[in-house]
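For our numbering, add 231 to where a residue sits in the sequence shown, where the first one is 1.
As structure tokens, the structure follows; a few thoughts come after it.
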Amino acid sequence: MEQYSKQAYDMAQTEIHPRDTLPAVRHGWGRRCPSCGKGRMMQGYLKVAHACGECRQEFYHHRADDGPAYLTILIVGHLMAPLLLHVFVTYRPDPWVMLAIFGLGCITLSLYLLPRLKGVIVAFQWARGMHGFGYSRQT
Ligand SMILES: [Zn+2]
232 MEQYSKQAYD
242 MAQTEIHPRD
252 TLPAVRHGWG
262 RRCPSCGKGR
272 MMQGYLKVAH
282 ACGECRQEFY
292 HHRADDGPAY
302 LTILIVGHLM
312 APLLLHVFVT
322 YRPDPWVMLA
332 IFGLGCITLS
342 LYLLPRLKGV
352 IVAFQWARGM
362 HGFGYSRQT
């Protein structure tokens, strides 16, 4: 028990009162800062900015990693695979028409979802104080 410092104890106490996750995730979906909801979270299409331009909340210690890609594949696959089967069984279109429509649909949906899901994951990490988004650093 002696190895725990007073600072670690204080951080553990502040973690009892987490930030609101749902508003933060909504801001993340809009690729805005989960803290203030005004500043931009993304510097480009997928690159997370170093910090919020409005409230100076730092984002550099996020750990989204492969999470956004995993969720994108999960959602696109679960939407498009049953739809593809339904269209094939019901209408029997030409294979090239199927390939064109569903290929374009999968690419478009993936490009739409990927940055938004990255924003959601970074905002979730912020709300839960994960990976350096500790509560003691919040102003
Ligand atoms: Zn902000």
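In this text, a Cβ means the ideal position worked out from N, Cα and C, and glycines have one as well.
- Under the three-state reduction of DSSP output, residue 257 falls in the helix class.
- In the DSSP annotation of this structure, the continuous segment of the alpha helix (DSSP H) that includes residue 349 starts and ends at 326-358.
- The closest CA to that of residue 343, considering only 302, 315, 365, 287, is found on 302.
- If you compare the alpha carbons of 304, 300, 329, 325 with that of residue 314, the shortest gap goes to 329.
- When the Cα atoms are used, residue 338 and residue 350 turn out to be separated by approximately 19 Å.
- For a cut-off of 8 Å, the C-beta gap from residue 307 to residue 353 is around 20 Å, too long to register as a contact.
- According to the DSSP assignment, residue 322 belongs to the alpha helix (DSSP H) that extends over 298-322.
- Its Cα nearest to that of residue 358, the residue 289 stands out among 277, 289, 336.
- A straight-line Cα-Cα distance of about 13 Å links residue 276 and residue 260.
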